[in-house]
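Below: the structure, in structure tokens.
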């Protein structure tokens, strides 16, 4: 029995090593020494509250100069009870959410990536969600944008490697679980001690940046990315298991 446990541990270690190697453009070493954090600048979207605000504080603690991009009134609008079922969500609100959660990434990257390519240095991090793997009723808008970020992240990584020949630029994507922010204030009591704090998520995100490595950070069940590869009956059982979260109020949020 022990030998099988040891063999399984070895397989997991090898898999982890190969994942990290692939995510970092098949390079064994990082260029961490080229980053002088008190001379670096960062742009954080959604940085006025929640996870974004916590990321800003932790970047500043490392000496990084930070510019914050946010639209505070719209965040409040999404919090205050807008229905998010497919039939009830208004076209205007849907377009606003898609623009904020997904399209804004195009605009931000289009603005800053050319300079990164010229300098062959930079790190682009996207905040997705575990909802990208398991979508629930009343969250189709949110889950769709977060799933879209996966495609955006993968495409950006491939273009940096093969189109722009600039593997030095890091790309990371984060998948947080439910986090204690204003955006889920009406349903927080359902999660109890499993609810994550923004500071805990931010610490991991900033740690990834400081490591000067690319990565995919699954901050929840490690098997979550495998849900889509599971048999359909098992996928449905997993989604049905989240039905207790669905209420008559909105459960969508904007990071």
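Numbering (my numbering), first residue to last: 166 to 420.
Ideal placement from N, C-alpha and C gives every residue a C-beta, glycine not left out.
Below 6 Å CB to CB, which residues in the same chain sit around residue i once its five sequence neighbours on both sides are set aside?
i, result
"residue 295", "340, 342, 385 and 389"
Given residue i, which residues of its chain have a CB within under 7 Å of its CB, disregarding the five upstream and five downstream residues?
i, result
"residue 329", "282"
"residue 378", "189, 195 and 335"
"residue 277", "208"
"residue 333", "196, 285 and 286"
"residue 374", "288 and 290"
"residue 383", "340, 389 and 390"
When the Cα of residue i is compared with those of the options, which residue comes out closest?
i, options, result
"residue 331", "317, 287, 377 and 304", "287"
"residue 202", "231, 184 and 175", "231"
"residue 406", "251, 300, 227 and 250", "300"
"residue 224", "292, 372, 291 and 318", "372"
"residue 206", "280, 382, 314 and 337", "280"
"residue 270", "252, 249, 258 and 292", "292"
"residue 183", "402, 393 and 380", "380"
"residue 213", "392, 374 and 363", "363"
"residue 235", "229, 226, 221 and 227", "221"
"residue 228", "408, 200, 273 and 314", "200"
"residue 387", "177, 404 and 321", "177"
"residue 211", "327, 267 and 321", "267"
"residue 257", "306, 338 and 327", "306"
"residue 274", "193, 322, 404 and 171", "322"
"residue 217", "204, 233 and 226", "233"
How far does the alpha helix (DSSP H) with residue i in it extend, from its first residue to its last?
i, result
"residue 310", "305-323"
"residue 407", "First-last for residue 407: undefined, no H or E at that position."
"residue 217", "215-226"
"residue 341", "Premise fails: residue 341 lies in the beta strand (DSSP E), 335-341, not in any alpha helix (DSSP H)."
"residue 185", "167-188"
"residue 261", "256-263"
"residue 274", "269-284"
"residue 380", "Note, residue 380: premise wrong, no alpha helix (DSSP H); beta strand (DSSP E) at 380-384."
Following the continuous beta strand (DSSP E) through residue i, name the residue where it begins and the one where it ends.
i, result
"residue 289", "288-292"
"residue 367", "Looking at the DSSP string, residue 367 is not in any beta strand (DSSP E); the run it does join, the alpha helix (DSSP H), is 363-375."
"residue 207", "206-210"
"residue 234", "230-234"
*asked:* Would you call the stretch 360-368 in contact with the stretch 389-406, where contact means no fewer than 3 C-beta pairs closer than 8 Å?
replied: no
*asked:* Measuring CB atoms only, is the stretch 297-316 touching the stretch 260-267, in the sense that at least three cross pairs come out at less than 8 Å?
replied: yes
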